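Undergrad: This is the structure I want to talk about, given as structure tokens.
There are 2 protein chains.
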Amino acid sequence: MSQLSWAYLNRVVEGPSRPLQQLLDAGRDADEIARGVRRRATWIGELATQTASRHNWDRAEQDLADAAAVGARLIHPGCAEWPLAEFDRAFGFAATGRSDHLRSYQADAIPPHVLWVRGMPLDQAVAQSVAVVGTRAATRYGHEATRQLVQGLATHHWTVVSGAALGIDTVAHETALATGGLTVAVAACGIDRTYPARNGALLDRIAAQGCVISEYPPGMNPQRHRFLTRNRLVAALTAGTVIVEAAWRSGALNTLSWAEGLGRVTMAVPGPVTSAGSLGCHERIRQGRAQLVTGADDVRGLLGAIGALDVAEQYELAYAATPVQSLTRNELRVFDACAPGGSTAQEIAAGAGLPLPLAVHLLMDLARRNVVRLDGTAWSRVEVSEG
Amino acid sequence: MSQLSWAYLNRVVEGPSRPLQQLLDAGRDADEIARGVRRRATWIGELATQTASRHNWDRAEQDLADAAAVGARLIHPGCAEWPLAEFDRAFGFAATGRSDHLRSYQADAIPPHVLWVRGMPLDQAVAQSVAVVGTRAATRYGHEATRQLVQGLATHHWTVVSGAALGIDTVAHETALATGGLTVAVAACGIDRTYPARNGALLDRIAAQGCVISEYPPGMNPQRHRFLTRNRLVAALTAGTVIVEAAWRSGALNTLSWAEGLGRVTMAVPGPVTSAGSLGCHERIRQGRAQLVTGADDVRGLLGAIGALDVAEQYELAYAATPVQSLTRNELRVFDACAPGGSTAQEIAAGAGLPLPLAVHLLMDLARRNVVRLDGTAWSRVEVSEG
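If you're matching them up, the sequences are chains A and B in order. Going by the UniProt record's numbering, the residue at position 370 of the first sequence is 370; the numbering climbs one at a time, nothing skipped. Going by the UniProt record's numbering, the residue at position 296 of the second sequence is 296; the numbering climbs one at a time, nothing skipped.
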């Protein structure tokens with residue numbers, strides 16, 4: 001019975017619905033509320049207005065059948081796989097009103113009442129997950145940056161959540177799949193719809209190696225306002241959101257704002273300033289609303305993954321200093337004063353503008369470190385590397 | 001007489017010299033100090049050690065003649081064109097020790113005692129100036145980003161100061177010249193030396209449309225330690241330093257550290273994360289040690305140029321919202337529910353999941369703004385633009 005009631009409510013109440021949430025919070029169950037809506041009971045309050053034009057759309061059985069036909073199930077807060085901890089944390093944060101970035105979307109900062117799911121248990125899929133989103137009008141650079149980022153994330157067992165849109169989203173899902181990682185697509189239309197049309201095969205592969213989920217009943221069209229409310233789920237389900245390529249008015253920025261409003265980690269990948277493709281990323285970094293990340297290691301560092309090396313440490317390893325780069329300024333003066341053919345200590349002291357005893361002391365020390373060498377009375381450099 | 005004394009001191013004391021600075025601060029003049037150094041007077045204190053191996057290098061007349069031969073003059077703190085305000089502000093800040101980023105270079109955080117100058121009066125050249133520096137191993141992207149940046153700066157009468165090195169520095173100088181702006185090159189070798197060798201013609205053009213300056217006496221070789229101390233002048237003379245492309249160990253980062261230690265504005269241009277060329281820029285932005293800038297408008301905004309538009313305002317103008325992008329969520333629901341062939345208000349209310357009176361109210365409002373249109377009983381969208 002409960003599944004039918006949830007399906008009915010999902011059809012007649014377009015989420016997110018605060019009146020429905022309030023009734024659930026007050027302890028009413030789905031069966032009771034569905035009955036109330038059908039009968040226009042006075043106790044449903046505001047929900048009567050929200051369902052005024054749809055309450056007689058009673059298609060619950062058909063919706064469940066349509067979903068089952070594509071291998072999808074309906075889950076609700078009573079289900080074991082409901083990502084309760086994620087939703088509680090995200091929407092609990094939003095309720096504190098600590099972020100002023102939700103603006104006109106504040107009213108939507110509540111969990112979905114149900115989700116339609118194709119694939120593995122949702123709670124497991126998102127247990128260690130990060131959102132990777134970006135522009136549909138992706139450049140070659142955006143593609144490459146996304147591939148590098150997602151390869152690193154998937155390799156380290158981070159589930160990549162995105163919106164299955166063309167461009168960056170598609171590259172993110174595809175790379176996660178190719179790397180053998182889990183990935184979750186949050187659709188802005190019915191779970192049985194294929195949108196964008198050309199991503200049908202991709203969505204099937206995501207369902208087989210993660211989940212495809214939707215807040216909307218079967219058959220629903222993807223519409224602009226649904227993209228915006230869908231974005232809150234992408235942000236809410238994940239520990240943080242990374243935007244890769246987003247121009248000034250990219251929808252991906254809306255997802256980032258949701259992450260901010262829901263208390264998640266917000267990150268942006270920089271790009272060439274010679275194209276407008278990364279303007280949105282740069283602007284958020286500049287405003288201090290997103291942290292600059294250059295790859296998976298940065299993201300893992302920010303999300304606090306165990307075993308993530310500090311990024312500066314990694315760079316120190318990857319781009320090791322040459323012995324000459326490690327010299328102090330006085331050591332450099334002495335080193336620089338060694339002529340290619342060899343110089344006496346006196347010549348070096350004068351060339352370096354240092355007193356002879358100090359120059360000799362420094363030379364001896366450099367010799368111990370094999371940076372200079374003494375042959376007879378001539379000091380010379382062991383190795384010349386470009387500084 | 002004084003010019004000869006300054007030239008002598010410049011030859012035998014390799015700057016920056018704190019003992020020399022202390023004698024000058026104590027009121028000794030150049031003639032007196034030169035005499036003291038020549039005679040190894042006890043009152044010159046530490047300066048005796050610093051000049052131990054060079055005090056008998058008395059080539060002042062020759063040095064002045066060598067400089068004059070390339071059209072260069074010697075200036076010192078008593079000269080009208082000495083950039084006193086810039087040095088006082090920069091090294092005064094460093095003396096407060098408010099920045100811990102000078103590290104091993106703290107001892108060098110003092111002004112030069114003289115400068116050799118080819119070109120226009122230095123104080124005028126740097127009165128409104130910004131440093132633009134970067135890697136010698138510049139990519140095509142680095143070239144293009146530098147060109148765009150410097151064009152905007154030169155157009156708005158900002159003098160571009162750099163180090164005349166190959167790569168980004170060269171592009172910065174050349175673009176400033178091509179844009180008709182002023183530019184200043186700070187050399188790490190004698191003013192009569194051409195370094196890098198292939199930049200001889202460029203240095204001549206800089207001297208004709210700005211200045212070439214050096215802290216070192218004629219004939220001095222460019223050496224590693226001189227690049228590092230030269231960098232402090234690039235930072236000290238300018239209101240801020242921008243790095244464009246700098247890998248993990250780029251010398252340009254040293255200039256940026258100097259700017260930080262001298263209380264100047266520190267800025268970095270981001271770039272592709274798919275190459276290592278901008279690693280240094282990204283790292284400084286991430287550490288909060290440089291502000292992300294995408295072009296001249298950002299730089300001018302940070303340096304507080306009069307008339308600089310707020311960058312966000314400019315983007316708002318450049319990437320105007322479409323009427324649909326400006327809709328509220330409920331307006332979008334109504335707009336999205338208008339079918340291409342036209343829909344009745346009842347259909348729209350049901351499609352949008354909104355009560356009929358609210359839907360009608362929103363439709364009327366959208367019609368006033370010419371976003372939807374009513375023909376008979378059919379509402380349709382006036383314009384469909386991609387969100």
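By construction, the Cβ of each residue, glycine as well, lies at the ideal position given by its N, Cα and C atoms. Treat the numbers as computed from the prediction; the structure is a model and nothing was measured.
Rounded to whole angstroms, how far is the Cβ of B:G342 from the Cβ of B:D375, which I believe are closer than 8 Å?
TA: Residue mapping note: residue 342 of chain B aligns to position 342 of the second sequence, counting from 1. Residue mapping note: residue 375 of chain B aligns to position 375 of the second sequence, counting from 1. About 7 Å; that satisfies the 8 Å criterion.
Undergrad: Would you call A:P340 buried or exposed, if buried means 16 or more other Cβ atoms sit within 10 Å of its Cβ?
TA: Mapped onto the first sequence, residue 340 of chain A falls at position 340. When all chains shown are included, A:P340 counts as exposed.
Undergrad: Can you tell me whether B:G180 is helix, strand or coil according to DSSP?
TA: For the purposes of this step, residue 180 of chain B is identified with residue 180 of the second sequence, where counting begins at 1. If DSSP states are grouped into helix, strand and coil, B:G180 belongs with coil.
Undergrad: Helix, strand or coil for A:D29? Go by DSSP, reduced to three states.
TA: Position 29 of the first sequence holds residue 29 of chain A. It is coil, neither helix nor strand.
Undergrad: Are any of the Cβ atoms in chain B nearer than 9 Å to that of A:V273?
TA: Within the first sequence, the letter at position 273 stands for residue 273 of chain A. Cβ-Cβ to chain B under 9 Å: yes for A:V273.
Undergrad: Return the chain-ordered list of same chain residues with a C-beta closer than 7 Å to the C-beta of B:F335, the five sequence neighbours on each side being excluded.
TA: Along the second sequence, read from residue 1 onward, the residue named residue 335 of chain B stands at position 335. Correct list, in chain order: V324, L327, L366, V371, V372, R381.
Undergrad: Closer than 7 Å by C-beta to B:I110: which residues in its own chain qualify, once you throw out the five before and the five after it? Chain order, please.
TA: Counted from its first residue, the second sequence places residue 110 of chain B at position 110. Result list for B:I110: P16, R18, Q21, F91, in chain order.
Undergrad: Runs of 4 residues minimum, wholly inside the region 84–134 of chain B: which ones carry the alpha helix (DSSP H) assignment?
TA: 84–95, 122–125, all fully within the region 84–134 of chain B.
Undergrad: Can you tell which of A:R224, A:A187, A:G142 has its C-alpha closest to the C-alpha of A:V171?
TA: For the purposes of this step, residue 171 of chain A is taken as residue 171 along the first sequence, with counting starting at 1. Nearest option by C-alpha distance: A:G142.
Undergrad: Whose CA, out of B:R369, B:I191, B:G277, lies closest to the CA of B:L64?
TA: The count along the second sequence starts at 1 and reaches residue 64 of chain B at position 64. If we check each option's Cα against that of B:L64, B:I191 comes out closest.
Undergrad: Assuming A:V265 and A:L302 make a contact with CB atoms under 8 Å, what is their CB distance in whole Å?
TA: Position 265 of the first sequence holds residue 265 of chain A. Position 302 of the first sequence holds residue 302 of chain A. The Cβ separation is near 5 Å, so the contact holds.
Undergrad: Taking 9 Å as the threshold (beta carbon to beta carbon), is B:F91 in contact with chain A?
TA: One-based indexing of the second sequence puts residue 91 of chain B at position 91. Not closer than 9 Å to any Cβ of chain A, the Cβ of B:F91 fails to qualify, so no.
Undergrad: In chain order, what residues of the same chain lie with their CB nearer than 7 Å to the CB of B:V244, ignoring the 5 residues before and after it?
TA: Against the second sequence, residue 244 of chain B aligns to sequence position 244. Closer than 7 Å at Cβ, skipping near neighbours: V132, G134, G142, A145, T146, L149, I168, V269.
Undergrad: Runs of 3 residues minimum, wholly inside the region 219–283 of chain B: which ones carry the beta strand (DSSP E) assignment?
TA: Qualifying beta strand (DSSP E) stretches, in chain order: 240–244, 265–269.
Undergrad: In terms of alpha-carbon separation, which member of B:V13, B:L292, B:R300, B:V273 lies closest to A:D298?
TA: For the purposes of this step, residue 298 of chain A is taken as the residue at position 298 of the first sequence. Closest option to A:D298, Cα to Cα, is B:V273.
Undergrad: Beta-carbon separation of B:E81 and B:D25 under 9 Å?
TA: For the purposes of this step, residue 81 of chain B is taken as the residue at position 81 of the second sequence. For the purposes of this step, residue 25 of chain B is taken as the residue at position 25 of the second sequence. The answer is no: Cβ separation not under 9 Å.
Undergrad: Counting only beta-carbon atoms, is A:L279 nearer than 9 Å to chain B?
TA: Counted from its first residue, the first sequence places residue 279 of chain A at position 279. True, the Cβ-Cβ gap to chain B drops below 9 Å.
Undergrad: Let me know the secondary structure DSSP gives B:S17 once reduced to three states.
TA: Numbered from 1 along the second sequence, position 17 holds the residue referred to as residue 17 of chain B. Reduced to three states, the DSSP call for B:S17 is coil.
Undergrad: Determine, using beta carbons only, whether B:A259 and B:C281 come nearer to each other than 9 Å.
TA: Along the second sequence, read from residue 1 onward, the residue named residue 259 of chain B stands at position 259. Along the second sequence, read from residue 1 onward, the residue named residue 281 of chain B stands at position 281. No, they are not a contact pair.
Undergrad: Please state whether DSSP places A:G210 in a helix, a strand or coil.
TA: Locating residue 210 of chain A in the first sequence gives position 210, counting from the first residue. In the structure shown, A:G210 sits in a strand (DSSP, three-state: E or B).
Undergrad: Is A:L47 helix, strand or coil when you go by DSSP?
TA: By 1-based counting over the first sequence, the position of residue 47 of chain A is 47. Three-state DSSP puts A:L47 in a helix.
Undergrad: With a threshold of 16 other CB atoms inside 10 Å of the CB of residue 455 of chain B, please say whether the residue is buried or exposed.
TA: Absent from the structure is residue 455 of chain B, since the part of chain B shown begins at 1 and ends at 387.
Undergrad: Would you check if the distance between the CB atom of A:L228 and the CB atom of A:N199 is smaller than 9 Å?
TA: As a first step, residue 228 of chain A must be located in the first sequence, where it is residue number 228. As a first step, residue 199 of chain A must be located in the first sequence, where it is residue number 199. In this structure, A:N199 does not lie closer than 9 Å to A:L228 by Cβ.
Undergrad: Return the CA-CA distance between B:F93 and A:E86, expressed in angstroms with no decimal places.
TA: Working through the second sequence from its first residue, we reach residue 93 of chain B at position 93. Working through the first sequence from its first residue, we reach residue 86 of chain A at position 86. Roughly 48 Å separates the two Cα atoms.
Undergrad: Out of curiosity, what's the CA-to-CA distance linking B:A252 and A:C211?
TA: Position 252 of the second sequence, counting from 1, holds the residue named residue 252 of chain B. Position 211 of the first sequence, counting from 1, holds the residue named residue 211 of chain A. C-alpha separation (whole angstroms): 47 Å.
Undergrad: Are the C-beta atoms of B:F335 and some chain A residue less than 9 Å apart?
TA: By 1-based counting over the second sequence, the position of residue 335 of chain B is 335. Output row for B:F335: interface = yes.
Undergrad: Less than 9 Å between the C-beta atoms of A:V186 and A:G163, yes or no?
TA: By one-based count along the first sequence, residue 186 of chain A stands at place 186. By one-based count along the first sequence, residue 163 of chain A stands at place 163. It is a contact, given that the beta carbons lie within the stated cut-off.
Undergrad: Hey, quick one: how far does the beta strand (DSSP E) through A:I75 stretch, first residue to last?
TA: Translated into the one-based positions of the first sequence, residue 75 of chain A becomes position 75. It spans 72–75 - the beta strand (DSSP E) in which A:I75 sits, taken as one unbroken run.
Undergrad: Tell me which same chain residues have a C-beta within less than 7 Å of the C-beta of residue 388 of chain B, skipping the five on either side of it?
TA: For residue 388 of chain B there is no data in the structure shown, the boundaries of chain B being 1 and 387.
Undergrad: Output yes or no for whether 9 Å exceeds the beta carbon distance between A:R333 and B:Q223.
TA: Your numbering for residue 333 of chain A matches position 333 in the first sequence. Your numbering for residue 223 of chain B matches position 223 in the second sequence. Taking 9 Å as the Cβ cut-off, A:R333 and B:Q223 qualify as a contacting pair.
Undergrad: Just to confirm, are B:G152 and B:A296 a CB contact at a threshold of 9 Å?
TA: The residue you call residue 152 of chain B lines up with position 152 of the second sequence. The residue you call residue 296 of chain B lines up with position 296 of the second sequence. The answer is yes: Cβ separation under 9 Å.
Undergrad: I'd like to know whether the C-beta of B:P112 is nearer than 9 Å to at least one C-beta of chain A.
TA: Taking the first residue of the second sequence as position 1, residue 112 of chain B is located at position 112. Chain A, which has no Cβ nearer than 9 Å to the Cβ of B:P112, makes this no.
Undergrad: For B:G307 and B:L182, what's the separation of their Cα atoms in angstroms?
TA: Walking along the second sequence from the start, residue 307 of chain B turns up at place 307. Walking along the second sequence from the start, residue 182 of chain B turns up at place 182. At B:G307, the pLDDT of 46 sits below 50, so the modelled position is not reliable; the number obtained from the coordinates is stated separately. So the two alpha carbons sit approximately 20 Å from each other.
Undergrad: Grouping DSSP H, G and I as helix and E and B as strand, with all else coil, what is B:R198?
TA: Residue numbering aside, residue 198 of chain B sits at position 198 when the second sequence is read from its first letter. DSSP places B:R198 in helix when its eight states are reduced to three.
Undergrad: What does DSSP give as the partner residue(s) for A:T159 in the beta ladder?
TA: Here residue 159 of chain A is taken as the residue at index 159 of the first sequence, counted from 1. A:T159 is bridged to A:S129.
Undergrad: Let me know if A:W43 comes out buried or exposed under the rule of 16 or more other beta-carbons within 10 Å of its beta-carbon.
TA: On the first sequence, residue 43 of chain A is found 43 positions in, with the first residue counted as 1. A:W43 comes out exposed.
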